[in-house]
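Trainee:
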Amino acid sequence: MATKIFLNPRLTRADNRVECEKGFNNNERVFMNDAVLFGSIFTVVVAAVCAFAWFHVYRGVHDSLSNAKVGSVYNFKYLQPVTDVPERFMAKVISVQTFTDDYLGLLNRKSRYRRNDPEFQRSRNLVTAQTFDGKIRNFYAERTSDVRRPLLGAVVFKTGLANLLF
């Protein structure tokens, strides 16, 4: 003998809730208002998890490249020395160098990089980082702004999602 499962929607009570009878006996009842409520709660929870992940990949915690740690991922704006146009980068720190005043003076005298540019000033903290596309770049920490350390940034780099997101 085959078991018959049926859904029979009908309006009940004075508040016009739709109730469906289901199952093998009539003891189980699911109200449509409850299904909408649980669906709404589920949608809000999924949206909150997505917002949390987005915030910690793209925004993160305020920090400074002057105090950068090797292996950490940072999201920052860098003011280009020639054009003075800010450009946003997400990069993984490879090395951090802190220069003394004597060494800065030596670099200014000996280096050919922008030797004839009177406005160019080197600063103390030089950070070498790898961008999401694999390029190795040097950034002076004093020329950065809006520096953030995304909590999930390392995951983006390890999984290769950085190439898809930027």
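Everything in the sequence shown is counted per the working numbering, starting at 8 for the first residue and increasing by one. Where a beta carbon is used, it is the ideal one built from N, C-alpha and C, also for glycine. Just so you know, these numbers come straight off a predicted model, no measurement behind them.
How far does the alpha helix (DSSP H) with D109 in it reach, from first residue to last?
Mentor: Start and end: 108-117.
Trainee: Less than 9 Å separating the beta-carbons of F96 and A136?
Mentor: Yes, the Cβ-Cβ distance between F96 and A136 is below 9 Å.
Trainee: Do the region 70-87 and the region 130-146 meet, that is, are 3 or more Cβ pairs less than 8 Å apart?
Mentor: The region 70-87, when compared against the region 130-146, does touch it at the 8 Å Cβ threshold.
Trainee: Pick helix, strand or coil for H127, following the three-state DSSP scheme.
Mentor: Correcting the residue identity first, residue 127 is Phe in this sequence and not His. The answer is coil: DSSP assigns F127 none of H, G, I, E or B.
Trainee: Beta-carbon within less than 6 Å of S118's beta-carbon, same chain only, minus the 5 sequence neighbours each way: which residues are those?
Mentor: Within the same chain, S118 has no close Cβ partners at all.
Trainee: Using the Cα positions of G30 and I48, report the straight-line distance between them to the nearest angstrom.
Mentor: Annotation note: pLDDT 48 at G30 (below 50); position unreliable, no value reported.
Trainee: If we count Cβ pairs, one from each stretch, closer than 8 Å, do we get three or more for the region 105-113 versus the region 87-94?
Mentor: Contact between the region 105-113 and the region 87-94 is absent, because fewer than three Cβ pairs lie under 8 Å.
Trainee: Within 10 angstroms of its Cβ, does A75 collect 16 or more other Cβ (buried), or is it exposed?
Mentor: Looking at its Cβ environment, which holds 16 or more other Cβ atoms inside 10 Å, A75 is buried.
Trainee: Looking at P157: is its Cβ nearer than 9 Å to the Cβ of Y85?
Mentor: Result no, Cβ atoms of P157 and Y85 do not sit closer than 9 Å.
Trainee: Which value, in whole angstroms, describes the spacing of the CA atoms of T50 and V43?
Mentor: Each residue's alpha carbon lies about 10 Å from the other.
Trainee: Quick test of your reading: V77 and V100, contact by CB under 8 Å. State the CB separation rounded to the nearest angstrom.
Mentor: Correct: roughly 5 Å between the Cβ atoms.
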